[in-house]
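Quick note, the sequence shown lines up with residues 1 to 166 if you use our numbering. No residue lacks a Cβ here, since even glycine has one placed at the ideal position from N, Cα and C. Structure first, then comments.
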Amino acid sequence: MRSCGRLLLGAVVLLAGCTTAGRSGTPATPAAGATTGCAARVESGELPDWADAGFSGGTRIAHVFGAKGDIVAVLFGQPLSVGRTEGPNNKILWVARPAATPSPDPSAPTTLVITATLDGTTTRATREVAGGPGPSIIDLPQAGCWHLDLRWSGRTDTMDLVYVPA
1 MRSCGRLLLG
11 AVVLLAGCTT
21 AGRSGTPATP
31 AAGATTGCAA
41 RVESGELPDW
51 ADAGFSGGTR
61 IAHVFGAKGD
71 IVAVLFGQPL
81 SVGRTEGPNN
91 KILWVARPAA
101 TPSPDPSAPT
111 TLVITATLDG
121 TTTRATREVA
131 GGPGPSIIDL
141 PQAGCWHLDL
151 RWSGRTDTMD
161 LVYVPA
């Protein structure tokens with residue numbers, strides 16, 4: 001009887017993780033073996049010293065760090081949203097940590113190239129920030145957790161950002 005209870009509990013937990021509450025009604029193509037889960041962690045504290053140029057002392061603002069810690073996305077329109085017709089747009093200030101050594105490839109483009117993949121799907125979007133990390137408006141095609149691959153000046157990092165329906 002005890003193992004039956006564990007089996008039933010395991011099935012309930014598994015099914016609870018498969019609900020679609022809060023998801024966009026736009027279908028997305030499931031990807032076999034696609035990464036699932038969202039590591040987006042929006043912080044609201046002070047920015048690190050290397051990313052706070054232009055902000056006055058002790059400014060607290062929403063931001064997300066790259067997985068390697070080499071870039072931070074400062075979010076001015078939190079929460080980020082899809083289809084917003086009023087209010088602030090999806091303004092993101094990208095700030096890269098100063099490189100410890102010169103770029104391994106000085107001819108690498110400085111443009112920040114963002115390849116975004118919607119969690120658990122093959123839905124992709126590419127955005128570019130000319131001149132490298134800096135101010136941008138990053139709109140993505142549908143709500144959900146987006147896994148971002150970030151490339152600039154021969155450097156890379158990743159992060160997850162969540163976009164909600166407007």
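Span separating the alpha-carbon of S56 from that of D119 = Counted from its first residue, the sequence shown places residue 56 at position 56. Counted from its first residue, the sequence shown places residue 119 at position 119. When rounded, the distance between both Cα atoms is 36 Å.
Which residue from L75, T85 and T121 puts its Cα closest to that of R60?
-> As a first step, residue 60 must be located in the sequence shown, where it is residue number 60. Of the candidates L75, T85 and T121, the one whose C-alpha sits nearest the C-alpha of R60 is L75.
Backbone secondary structure at D70 - three-state DSSP = For the purposes of this step, residue 70 is taken as the residue at position 70 of the sequence shown. D70: coil per DSSP, three-state reduction.
Name, in chain order, the residues that DSSP records as bridge partners for R41.
-> As a first step, residue 41 must be located in the sequence shown, where it is residue number 41. Partner(s): none; R41 has no beta bridge.
7 Å CB neighbourhood of A39 in its chain, flanking five on each side removed = Along the sequence shown, read from residue 1 onward, the residue named residue 39 stands at position 39. Taken in chain order, the residues that qualify are D160.
Distance between A53 and R23 (C-alpha atoms, nearest Å) | Position 23 of the sequence shown, counting from 1, holds the residue named residue 23. Position 53 of the sequence shown, counting from 1, holds the residue named residue 53. Only weak support exists for where R23 lies, its pLDDT of 30 falling under 50; the value from the coordinates is given anyway. Cα-Cα distance, rounded: 37 Å.
Quick one: what's A130 bridged to in DSSP?
-> Within the sequence shown, residue 130 is the residue found at index 130, counting from 1. Paired residues: none, contrary to the question.
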